[in-house]
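Chemist: Structure below; questions to follow.
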Amino acid sequence: MPYVKVAIDVPVATLFDYCAPHVTAADIGCRVRVPFGRKRLLGVIMEVGATPSLDPAKVRPAGDVLRDAPPLPLALLELLSFCSAYYHHPIGEVVHASLPGWLRIERKAPASSRPVTLTSDGDVALDQALHRAPAMRSLLTRVRTFGLLSEQRIRELRPAERRLLRQAIGHGWLTPLDAGTVQAPSTVLPSADCTSSATAEKPDRRLNAEQQRAMQAIVADASTFHCWLLHGVTGSGKTEVYLEVMHRVLDNGKQVLFLVPEIGLTPQLEQRIRARFPKHALVTMHSNMASGQRASHWAQAHSGAARIVVGARSAIFAPMGNLGLIVVDEEHDSSFKQMDGIRYSARDLAVWRARQLNVPVILGSATPSLESYQAALAGRYRKLALPQRATSIPLPDVRMIGVNREGSRGGLGPSVIDAIRQRIERSEQVLVFINRRGYAPVLICGDCGWCSPCHRCSARLVLHKNRQRMACHHCGHEEIVPVACGECGNADLHPLGYGTQRVEATLRTALPAARIMRVDRDTTRGRNTWAEMRASITRHDVDILVGTQLLSKGHDFPNLSLVCVLNADQSLYSTDFRAAEPLFAQLTQVAGRAGRAQGRGAVLIQSEFPMHPLYRAVQAHDYDGFAQALLEERRQTDLPPFSHHAVLRAEALQMEHALAFLHQCVHATKGITGDVIVFDPIAAPMQRLKGRERAQLLVQSKSRPLLHAFLDQWLKKLTDVRANRVRWSLDVDPLAI
Ligand code: ADP
Ligand code: ZN
Ligand code: ZN
1 MPYVKVAIDV PVATLFDYCA PHVTAADIGC RVRVPFGRKR LLGVIMEVGA TPSLDPAKVR
61 PAGDVLRDAP PLPLALLELL SFCSAYYHHP IGEVVHASLP GWLRIERKAP ASSRPVTLTS
121 DGDVALDQAL HRAPAMRSLL TRVRTFGLLS EQRIRELRPA ERRLLRQAIG HGWLTPLDAG
181 TVQAPSTVLP SADCTSSATA EKPDRRLNAE QQRAMQAIVA DASTFHCWLL HGVTGSGKTE
241 VYLEVMHRVL DNGKQVLFLV PEIGLTPQLE QRIRARFPKH ALVTMHSNMA SGQRASHWAQ
301 AHSGAARIVV GARSAIFAPM GNLGLIVVDE EHDSSFKQMD GIRYSARDLA VWRARQLNVP
361 VILGSATPSL ESYQAALAGR YRKLALPQRA TSIPLPDVRM IGVNREGSRG GLGPSVIDAI
421 RQRIERSEQV LVFINRRGYA PVLICGDCGW CSPCHRCSAR LVLHKNRQRM ACHHCGHEEI
481 VPVACGECGN ADLHPLGYGT QRVEATLRTA LPAARIMRVD RDTTRGRNTW AEMRASITRH
541 DVDILVGTQL LSKGHDFPNL SLVCVLNADQ SLYSTDFRAA EPLFAQLTQV AGRAGRAQGR
601 GAVLIQSEFP MHPLYRAVQA HDYDGFAQAL LEERRQTDLP PFSHHAVLRA EALQMEHALA
661 FLHQCVHATK GITGDVIVFD PIAAPMQRLK GRERAQLLVQ SKSRPLLHAF LDQWLKKLTD
721 VRANRVRWSL DVDPLAI
């Protein structure tokens, strides 16, 4: 009699056995109804076999197999299993997270309730009370795990659970959300942009010699796995190379998966791909899509109707059964790594998926991650370089402007203002880049040193002068601007430092005739706002853009000829060993916005440390020198990519609980052998967040297999460690420690 192993959406790291007489191997990847405790759940059949892994007498029968959708591709199930094993996350949750909503449930009820989320009272109640109310506990835990309970999930609740839900709302533990707040507000719908497309792509563009060489190398070996690192300076024509390789792969009848960091921000790329391949259906995938659209795109990728999937991180799980190529553009970008829930790296999974399918994967960047760069140096990846810009426009001229702390009034030094004025007089556009929104990052009392702390986080409240609010950028807490110091009552409070709003104000005073547009998360909230703003930048209705990293990525603004970078120094002080890498990438990226279509662009970086080696490397456009120096440092200190990390994070209302838990976890490593260093538990860099104290424990090994062997044994023992009042999670290959 056949038995099935089923992935069920529960936080347990195992598959569940059921007997299923009518099931065959063709049903692997289908959904199946199964009894689970006293509930009936929907799972996904992962394996079919002749024997169960527990006593056959204890195995319960499965219910119906749902064959309303074709089964998930076997290779995708393998990818999901790998993801679960590598990131040590329960398989059922990994599988279900990859499915669109309509496949996760089996019946539809009329829409009525609004999604709900946990309040801070609910958070406290869950940790401190409710020990004798298991049903309420489990409901609140579910909401906490998923961040919210969607309308769809609410519809699935049984009547008793709905009663609990109403009670929880009554107690103020859960709060209903407006439907509108659930979808990310800044997302730009792709369709909105396609209609406004002005730049139709000429399909017959000839590649230059370097592009040609890169393209041919990949195409010549396109029927086997290779990981290609396409290292090309900004504007070197990497995208053209991807497009030409895609062309060949699509001609062979295969599908292409194209991953980008943030698809909502860069619809130009999507347009460009659509324009190049008008005959091949393209769908997008990212986590902020409306559920109906997501379901439809998923189904098209699954059926093969969509030949191209362009998506953000989560698209790595697109159910494509006929994949011939994966492209990861801007592979160094940290948004490929999910920072909560299942903490996977879409870039790393892309390499795994390509190897498993024996197809090529292209990782492209102007500033590759040191992991990828080292892999290329070591010969595991094949490196292709595009050291020149594709157009006749040279790379921008980067100059440092030294300032001392007081020297820059309102954020901008006089020479920077002069340079901006000159460009505007020549009818060119200027981008002023500062990676901090708001007016000033802190409001300070000169008498006692009070500086607007957030009561829930180890952070300061940022002054948002336009809205007259103080806002925490970490937990979202807001309050009105205090009229006097919270400690000593002094009424003379000063904004210290500067953010986009203050820079905008300074520029309005210094250059009253200039047309200024501020681009940050505060100004781009509406659904199509960003698309409209981008259009008006392109029409040259704007002289000066003041913006955050929203503006640094992949945009082509033809009239932009000067980029001024303020406040980059901040990252030089960071304690994170990785801080230099993203700073270099970001400066290179934002510098690449200058002068893409017209004459040579210029970049001014305002800094207290103009001679810093990092800035000198940016000036010289010397990624290789910079990367090699950093790699040498990492080699000497045994840091990644020369070792591998996993971090166990714990958070609790009290630091001592989080640390005590981690100390027990250290204790649990006794007896596990392996060449692994377990560091002492310490407070997290951001110690307090959303009212919870956070601590972490770093595990490091020179060998990835040894690290994982260690983690496997350790995690089994951790189920015995008492973790009440503590929430914990494991982060494999963390980007920040
Ligand atoms: P990247 O992806 O490396 O930033 P793109 O592919 O976007 O570079 O190319 C940068 C610019 O150069 C684009 O405007 C593109 O149209 C142009 N370009 C690319 N390849 C060529 C080429 N072979 N000849 C002329 N222009 C090119
Ligand atoms: Zn004071
Ligand atoms: Zn806060």
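So for the sequence shown, our numbering puts the first residue at 1; every next one is plus one. Just so it is clear, CB atoms sit at the ideal spot from N, CA and C, and this is done for glycine as well.
#1: Where does the unbroken alpha helix (DSSP H) through Leu357 begin, and where does it stop?
#2: Figure out for me which residue from Leu269, Gly364 and Pro558 has the closest Cα to the Cα of Cys227.
#3: Rounded to the nearest angstrom, what separates Pro641 and Thr669 at their Cα positions?
#4: Taking 5 Å as the limit, name every residue whose beta carbon sits nearer than that to some heavy atom of ligand 3, in sequence order.
#5: Under 8 Å, with one C-beta from each stretch per pair, do the stretch 713-727 and the stretch 654-663 reach the 3-pair mark?
#6: Look at the Cβ atom of Ser607, then the Cβ atom of Gly411, and state whether they are nearer than 8 Å.
#7: Looking at the unbroken beta strand (DSSP E) that takes in Tyr18, where does it start and where does it end?
#8: Please tell me whether, using a cut-off of 7 Å, the distance from the CB of Asp348 to the nearest non-hydrogen atom of ligand 2 is below it.
#9: Exposed or buried, Asn322, counting other C-beta atoms within 10 Å across all chains shown (16 or more means buried)?
#10: What residues in its chain sit with their C-beta under 6 Å from that of Ile424, if we drop five residues either side in the sequence?
#11: With respect to 7 Å, is the separation between the Cβ of Gln211 and the closest non-hydrogen atom of ligand 1 below this value?
#12: Do Val4 and Val23 have their C-beta atoms closer together than 8 Å?
#13: Below 8 Å, how does it come out for the stretch 569-584 and the stretch 443-453: are there three or more Cβ pairs, yes or no?
#14: What whole-angstrom Cβ distance do Ile434 and Thr500 have, given they're in contact under 8 Å?
#15: Take Leu647 and list the residues in its own chain whose beta-carbon comes closer than 6 Å to its own, dropping the five residues that flank it on each side.
#16: Could you check where the alpha helix (DSSP H) with Ser415 kicks off and where it finishes?
#17: In angstroms, rounded to a whole number, what distance separates the CA positions of Glu478 and Pro115?
#18: Taking only the alpha-carbon atoms, compute the straight-line gap between Arg694 and Ala683 and give it to the nearest angstrom.
#19: In angstroms with no decimal places, state the Cα-to-Cα distance between Tyr381 and Ile480.
#20: Are Val309 and Ala299 close, meaning C-beta to C-beta below 8 Å?
#21: If I follow the unbroken beta strand (DSSP E) through Trp102, where does it start and stop?
#22: Report the residue from Glu270, Thr234, Phe317 and Ile169 whose alpha carbon sits nearest the alpha carbon of Val94.
#23: For ligand 2, which residues have a Cβ under 5 Å from at least one heavy atom, in chain order?
#24: Starting from the Cα of Val328, find the closest Cα among Gln271, Thr239, Leu103 and Met517 and give me that residue.
#25: Mapping the DSSP letters down to three states, classify Tyr381 as helix, strand or coil.
#26: Tell me, to the nearest whole angstrom, how far the beta carbon of Leu229 is from that of Leu384; I am working on the premise that it is less than 8 Å.
#27: Which residue spans inside the stretch 559-605 form an unbroken beta strand (DSSP E) run of at least 3?
#28: Under the three-state reduction of DSSP, which class applies to Ile393: helix, strand or coil?
#29: Of all the alpha helix (DSSP H) runs that stay within the bounds of the stretch 480-515, which reach a length of 4 or more residues?
#30: Is the closest heavy atom of ligand 1 to the C-beta of Glu428 under 7 Å?
#31: Where do the N-terminal and C-terminal ends of the alpha helix (DSSP H) with Arg206 fall, by residue?
#32: Indicate the three-state DSSP secondary structure (helix, strand or coil) for Lys670 in the structure shown.
#33: Ligand 1 and Leu207: does any heavy atom of the ligand fall closer than 7 Å to the residue's C-beta?
#34: Evaluate Arg107 with the Cβ neighbour count: other Cβ atoms within 10 Å of its Cβ, from every protein chain shown; 16 or more gives buried, anything less gives exposed.
#35: DSSP on Val94, reduced to helix/strand/coil?
#36: DSSP three-state call for Ser296: helix, strand or coil?
Modeler: Well, looking at it:
#1: Ala346 to Leu357
#2: Comparing Cα positions, the closest option is Gly364.
#3: 24 Å
#4: In chain order, the qualifying residues are Cys454, Arg456, Cys457, Cys472, His474, Cys475 and His477.
#5: yes
#6: no
#7: Tyr18: member of the beta strand (DSSP E) spanning Phe16 to Cys19, first to last residue.
#8: no
#9: exposed
#10: Ala514 and Asp543
#11: yes
#12: Taking a C-beta distance under 8 Å as the contact criterion, Val4 and Val23 qualify as a contact pair.
#13: no
#14: Indeed they touch by this definition, with Cβ atoms about 6 Å apart.
#15: Residue identity check: residue 647 is Val in the sequence provided, not Leu. So the qualifying residues of the chain are Gln696, Leu698, Asp731, Pro734 and Ile737.
#16: Run containing Ser415: Pro414 to Glu425, per the alpha helix (DSSP H) assignment.
#17: Each residue's Cα considered, the two are about 23 Å apart.
#18: 6 Å
#19: 53 Å
#20: no
#21: Looking at the DSSP string, Trp102 is not in any beta strand (DSSP E); the run it does join, the alpha helix (DSSP H), is Gly101 to Arg104.
#22: Phe317
#23: Cys445, Asp447, Cys448, Trp450, Cys485, Glu487, Cys488 and Asn490
#24: Thr239
#25: coil
#26: Going by Cβ atoms, the distance from Leu229 to Leu384 rounds to 7 Å, so yes, they are a contact pair.
#27: Counting only runs that start and end inside the stretch 559-605, the beta strand (DSSP E) elements of at least 3 residues fall at 560-565.
#28: coil
#29: 500-510
#30: no
#31: No alpha helix (DSSP H) holds Arg206; DSSP gives it neither H nor E.
#32: coil
#33: yes
#34: Residue confidence for Arg107 is low, a pLDDT of 46 falling below 50, so the modelled location carries little weight; the figure read from the coordinates is stated next. Classification of Arg107: exposed, given that the 10 Å Cβ count is below 16.
#35: helix
#36: In the three-state DSSP reduction, Ser296 falls in the helix class (H, G or I).
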